[in-house]
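Following: one structure in structure tokens, then a few remarks.
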Amino acid sequence: MINKNQSDIEFQEIIEATNNEVNQFSQFNTIEEAEHQSYLNFIKYVHQPYQESLNK
Numbered sequence: 001m002i003n004k005n006q007s008d009i010e011f012q013e014i015i016e017a018t019n020n021e022v023n024q025f026s027q028f029n030t031i032e033e034a035e036h037q038s039y040l041n042f043i044k045y046v047h048q049p050y051q052e053s054l055n056k
């Protein structure tokens with residue numbers, strides 16, 4: 001069972017990381033560049049941690 005406090009901390013870290021990434025979107029010239037970065041962020045912050053949690 002996941003410790004609630006640990007889960008809250010991890011969720012807060014994801015929120016902060018997402019906010020940091022969102023703030024960087026102004027640097028992109030096109031929607032395509034922003035979409036590509038959004039996809040990379042999904043892999044980094046959602047997919048990889050999920051896969052790692054399955055391997056524990």
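At position 21 of the sequence shown the residue is numbered 21 (UniProt numbering), and the sequence of numbers has no breaks. In this text, a Cβ means the ideal position worked out from N, Cα and C, and glycines have one as well. Predicted model, so just to flag it, every value in this text is computed and none were measured.
Measuring straight from C-alpha to C-alpha, what distance separates residue i and residue j?
{"i": "S7", "j": "K56", "result": "15 Å"}
{"i": "E32", "j": "S53", "result": "31 Å"}
{"i": "L40", "j": "T18", "result": "12 Å"}
{"i": "E21", "j": "I14", "result": "10 Å"}
{"i": "N23", "j": "Q51", "result": "27 Å"}
Please state whether DSSP places residue i in a helix, a strand or coil.
{"i": "F11", "result": "helix"}
{"i": "F42", "result": "helix"}
{"i": "N29", "result": "coil"}
{"i": "residue 68", "result": "Any question about residue 68 goes unanswered here, given that the chain covers just 1 to 56."}
Examine the ligand GTP and report whether any of its heavy atoms sits within less than 6 Å of the Cβ of residue i.
{"i": "H47", "result": "No copy of the ligand GTP appears in this structure; indeed no ligand is present at all."}
Any beta carbon of chain C sitting closer than 7 Å to that of residue i?
{"i": "N41", "result": "Of the chains in the structure shown, none is chain C; there is only one protein chain."}
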